[in-house]
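The structure appears right after this line, and notes come after that.
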Amino acid sequence: METLNTTDKIKVLYLDDESHNLICFMATYRFDFTIYIAPTAAKAYNYLEAHPDISVVIADQRMPLQTGVEFFEEMKVLYPKPVRMLITAFADIEAVIDSVNRGSVFRYIKKPWNDDDVKSAVEEAYKFYISNSLLEEKNKELASAYRELGKFAYSVTHDLRSPLSSLLGALEVSKDMDSLTDIREILGMMDVAVRKLDDFIKNIHEFYSIKRGLASIEDIDFEMLAEDMAIMFSLSAKMDNIKFTRKVVQGEGFCSDSASLRIIIINLLSNAFKYQKKDGTDRFVELDIEVRDNNAHITVRDNGIGIKAEHINSIFSMFYRATTEQSGSGFGLFNVKDALERLNGTVEVSSAPDKGSEFRVSIPNITKKTPVTQ
Amino acid sequence: MNYIVIDDSKLDCFIAEKIIRNTKNCASVKTFLHAAEALDFIAANKASDRTVVLVDIQMPIMNGFDFVEAFQKMDPGSTENYNIYIISSSINENDVTRVRQYPSVRQFINKPLTANNLNNLLGAYEPAPFN
Chain V
170 METLNTTDKI
180 KVLYLDDESH
190 NLICFMATYR
200 FDFTIYIAPT
210 AAKAYNYLEA
220 HPDISVVIAD
230 QRMPLQTGVE
240 FFEEMKVLYP
250 KPVRMLITAF
260 ADIEAVIDSV
270 NRGSVFRYIK
280 KPWNDDDVKS
290 AVEEAYKFYI
300 SNSLLEEKNK
310 ELASAYRELG
320 KFAYSVTHDL
330 RSPLSSLLGA
340 LEVSKDMDSL
350 TDIREILGMM
360 DVAVRKLDDF
370 IKNIHEFYSI
380 KRGLASIEDI
390 DFEMLAEDMA
400 IMFSLSAKMD
410 NIKFTRKVVQ
420 GEGFCSDSAS
430 LRIIIINLLS
440 NAFKYQKKDG
450 TDRFVELDIE
460 VRDNNAHITV
470 RDNGIGIKAE
480 HINSIFSMFY
490 RATTEQSGSG
500 FGLFNVKDAL
510 ERLNGTVEVS
520 SAPDKGSEFR
530 VSIPNITKKT
540 PVTQ
Chain Z
91 MNYIVIDDSK
101 LDCFIAEKII
111 RNTKNCASVK
121 TFLHAAEALD
131 FIAANKASDR
141 TVVLVDIQMP
151 IMNGFDFVEA
161 FQKMDPGSTE
171 NYNIYIISSS
181 INENDVTRVR
191 QYPSVRQFIN
201 KPLTANNLNN
211 LLGAYEPAPF
221 N
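In the order they appear, the protein sequences are chains V and Z. Per our numbering, the first sequence starts with residue 170, numbered consecutively. Per our numbering, the second sequence starts with residue 91, numbered consecutively.
Pasting the structure below:
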């Protein structure tokens, strides 16, 4: 019973016990809408089941087995999505007003109908249907965002509170300490807890700025960026006796969001410096950047503690920590992944426990006109 | 009394150890940064005296809940002297409710551990509700 073009037209189901009304309706509107006609409620339900994209249902009020209002009361429960419209003569107006008020019927069409009235009523009903569907979609998105927020808040309260309760505990214990050596020892540990908290807050800020901030695409000079990194990590390198080397080959221009790019490189380097072997002698961290064929290839390599094979797939998850290393927040690589998604970049990891890790990142050049995905 | 502390934070292990050593009847304290290692230790050493086990919840790789679940699967005859207490900085209701569902867990303690709440917990000692 479908008309020729079924793709873009509004799908309308018409239920009426009088067959000449059905045929007349079909003849009048088949060019405007895709029409399904049903002489009985059973037939109407068959159509609703087979075509879930029917968006408007019209029913006659006066039918022998069931009135249109009764049919709609039932249909509202079984198929709530299509918009319901009643065709009725003036005699039934009280019942109709009542059903409109109870939300069973979107609006009614007076009998005998006028061609343009029906057409505009169907179009109006369709608009209502679309905005309801969009609203439902948005509600789903909101519900999912809200669930995410719950998870986020849970982890955040834990990660904020845990260093604080450590500090409180440490203060409590230090009240009974007389030896300066003991006090120095505990101060050293408190220092780690405070840094952990500080790192965590910085990471949340990073996360927030990637999520909400607008990307600003600019020319990237990797030579300068690498030099910045060398300065930023010079203290770690010196304190922990780690050799930092950098190599940059940039033969062509490269545009990207510099904030996201920095988040990626800083987090990878910070991990490379952090997860070093305690007793390692020739400790190193290497940063290689090569720009070719419109792509930046960034490699961060270390000979640190490495990552066990069973943890590699999880390291980019939020709050995942594969080690009890004190200062990890489980946020760093998650932020890397997030920033990479923004820049349409990819990352590969190879690592072996006790041998070290290598993170290879590829990021495509962004021409200034292409907007970055939000 | 013997003690086992399981916490991925070195500082928290240190604090717990200090506080425990300050109590009057402390025979031994063992600290573990990894729950799995503590589990191995318990499996290999049947405690002849009461041993208080303080377990953190949020730990990487094996968290406190994983630990308790694995502990409950062990032979009750060989673990009867190990008394599990959860100690966490979590203020989340779900965590507290979840802790109550484990029959082997005697109590939930909020961090930081202090001499006071350690004494309270030991004072409130009751024989194991199941074996």
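Every residue, glycine too, gets a C-beta built ideally from N, C-alpha and C.
1) Here's the rule I'm using: 16 or more other beta-carbon atoms within 10 Å means buried, otherwise exposed. How should Z:Pro217 be labelled?
2) Beta-carbon of V:Arg330 versus every beta-carbon of chain Z: anything under 7 Å?
3) Residues of chain Z with CB under 7 Å from V:Ala339, in chain order?
4) Taking only beta carbons into account, state which residues of the stretch 210-221 of chain V come closer than 7 Å to chain Z, listed in chain order.
5) Within 7 Å of any Cβ in chain Z, is that where the Cβ of V:Tyr323 sits?
6) Residues of chain V with CB under 7 Å from Z:Lys201, in chain order?
7) From V:Tyr377, V:Ala406, V:Lys250 and V:Asp426, pick the residue whose C-alpha is nearest to that of V:Phe391; which is it?
8) Is Z:Phe122 near Z:Ile96, with beta carbons less than 7 Å apart?
9) Just the C-alpha distance for V:Ile458 and Z:Glu127, rounded to the nearest angstrom, thanks.
10) Can you tell me which of Z:Glu107, Z:Val142 and Z:Ala125 puts its alpha carbon nearest to the alpha carbon of Z:Pro202?
11) Is V:Thr542 buried or exposed, if buried means 16 or more other CB atoms sit within 10 Å of its CB?
12) Under 8 Å Cβ-Cβ, which residues of chain Z neighbour V:His327?
13) Tell me which residue opens and which closes the alpha helix (DSSP H) that Z:Pro166 is part of.
14) Here's a check: name, in chain order, each residue in its chain whose Cβ is nearer than 7 Å to the Cβ of V:Gln495, leaving out the five neighbours to either side.
15) In or out: V:Met254 buried (at least 16 other Cβ within 10 Å) or exposed?
16) Please report the distance separating the alpha-carbon of Z:Gln148 from that of V:Lys447.
17) Give a yes or no on whether 7 Å exceeds the smallest Cβ distance from Z:Thr113 to chain V.
18) Run down chain V in chain order and give the residues with a C-beta less than 7 Å from the C-beta of Z:Lys108.
19) Determine the closest residue to Z:Ser179 out of V:Leu329, V:Pro251 and V:Tyr198, with distance taken between C-alpha atoms.
20) Thinking C-beta only, is V:Val469 closer than 7 Å to V:Ala441?
21) Would you give the residue range spanned by the beta strand (DSSP E) that V:Asn301 belongs to?
22) Give me whichever residues DSSP pairs with Z:Cys116 in a beta bridge.
23) Relative to chain V, which residues along the stretch 114-140 of chain Z have a C-beta separation below 7 Å, given in chain order?
24) Go ahead and pull the three-state DSSP assignment for Z:Asn135.
25) Do Z:Met152 and Z:Ala117 have their C-beta atoms within less than 7 Å of each other?
26) So what does DSSP say about V:Thr542, is it helix, strand or coil?
27) Does the distance from the CB of Z:Phe198 to the CB of Z:Ile176 come in under 7 Å?
28) On the DSSP bridge list, what partners appear for V:Glu459?
29) Could you name the residues of the same chain whose beta carbon sits closer than 6 Å to that of V:Pro533, not counting the 5 residues immediately before and after it, in chain order?
30) For the candidate residues Z:Tyr93, Z:Leu101 and Z:Val142, whose alpha-carbon lies nearest to that of Z:Ser194?
31) Run the CB neighbour count on V:Ala290, radius 10 Å, all protein chains shown included, and call it buried at 16 or more, exposed below.
32) Nearest CA to the CA of Z:Asn209: which residue from Z:Asn112, Z:Ser99, Z:Val189 and Z:Asp98?
33) Identify every residue that forms a DSSP beta bridge with V:Leu182.
34) Spell out whether any CB of chain V is found under 7 Å from the CB atom of Z:Thr204.
35) Output yes or no for whether 7 Å exceeds the beta carbon distance between V:Phe369 and V:Leu437.
36) Given that V:Val361 touches chain Z, what residues does it touch there, using C-beta distances under 8 Å?
Quick look at the numbers:
1) In this predicted model, Z:Pro217 has a pLDDT of only 49, less than 50, meaning its place in the structure is not dependable enough to derive any value.
2) At a cut-off of 7 Å between beta-carbon atoms, V:Arg330 makes contact with chain Z.
3) Residues of chain Z passing the Cβ test: Leu101 and Ile105.
4) For the stretch 210-221 of chain V, which is checked against every Cβ of chain Z, not one residue is closer than 7 Å.
5) Taking Cβ atoms only, chain Z reaches closer than 7 Å to V:Tyr323, which makes this a yes.
6) Residues of chain V passing the Cβ test: Ser334 and Gly338.
7) Taking each of V:Tyr377, V:Ala406, V:Lys250 and V:Asp426 in turn and checking the Cα distance to V:Phe391, the smallest one comes out for V:Asp426.
8) With respect to Z:Ile96, Z:Phe122 sits close: the two C-beta atoms are nearer than 7 Å.
9) Within the model, the alpha-carbon separation for V:Ile458 versus Z:Glu127 is close to 41 Å.
10) Ranking Z:Glu107, Z:Val142 and Z:Ala125 by CA distance to the CA of Z:Pro202 puts Z:Glu107 first.
11) Confidence at V:Thr542 is low in this model, with a pLDDT of 48, below 50, so the placement of that residue is unreliable and no value is reported for it.
12) Near V:His327 (Cβ distances below 8 Å), the residues of chain Z are Gln148, Ser179, Ser180 and Asn182.
13) For Z:Pro166, the enclosing alpha helix (DSSP H) starts and ends at Pro166 to Thr169.
14) Low per-residue confidence applies at V:Gln495: pLDDT is 48, beneath 50, and the placement is therefore not dependable, though the value from the model is reported in the following sentence. Closer than 7 Å at Cβ, skipping near neighbours: Val361 and Lys365.
15) Residue environment analysis places V:Met254 among the buried positions, since at least 16 neighbouring C-beta atoms fall within 10 angstroms of its C-beta.
16) Cα-Cα distance, rounded: 24 Å.
17) Chain V, which has no Cβ nearer than 7 Å to the Cβ of Z:Thr113, makes this no.
18) Within chain V, the residues whose beta carbon sits less than 7 Å from that of Z:Lys108 are Val342, listed in sequence order.
19) That would be V:Leu329, whose Cα lies nearest to the Cα of Z:Ser179.
20) Cβ atoms of V:Ala441 and V:Val469: closer than 7 Å.
21) Segment Asp284 to Ser343 is the alpha helix (DSSP H) holding V:Asn301; no beta strand (DSSP E) there.
22) When beta bridges are read from the DSSP output, Z:Cys116 appears opposite no residue.
23) Those residues of the stretch 114-140 of chain Z placed with their C-beta closer than 7 Å to a C-beta in chain V are Leu123 and His124, ordered along the chain.
24) Three-state DSSP puts Z:Asn135 in coil, outside helix and strand.
25) With respect to the 7 Å criterion, Z:Met152 and Z:Ala117 are not classified as neighbours on the basis of their beta carbons.
26) In this prediction, V:Thr542 scores a pLDDT of 48, lower than 50, which makes its location untrustworthy; no coordinate-derived value is stated.
27) Between Z:Phe198 and Z:Ile176, the C-beta spacing is below 7 Å.
28) Paired residues: V:Val418 and V:His466.
29) Its chain contains Asn464 and Asn513 as the residues whose beta carbon lies nearer than 6 Å to that of V:Pro533, once the 5 sequence neighbours on both sides are disregarded; these appear in chain order.
30) Closest option to Z:Ser194, Cα to Cα, is Z:Val142.
31) By the neighbour-count rule (16 or more Cβ atoms within 10 Å), V:Ala290 is buried.
32) The residue with the shortest Cα to Cα distance from Z:Asn209 is Z:Asn112.
33) Bridge pairing for V:Leu182: V:Tyr205 and V:Val226 [DSSP].
34) Yes, its Cβ sits closer than 7 Å to a Cβ of chain V.
35) Not in contact: V:Phe369 and V:Leu437 (Cβ atoms no closer than 7 Å).
36) Those are Lys100 and Leu101, listed as they occur along chain Z.
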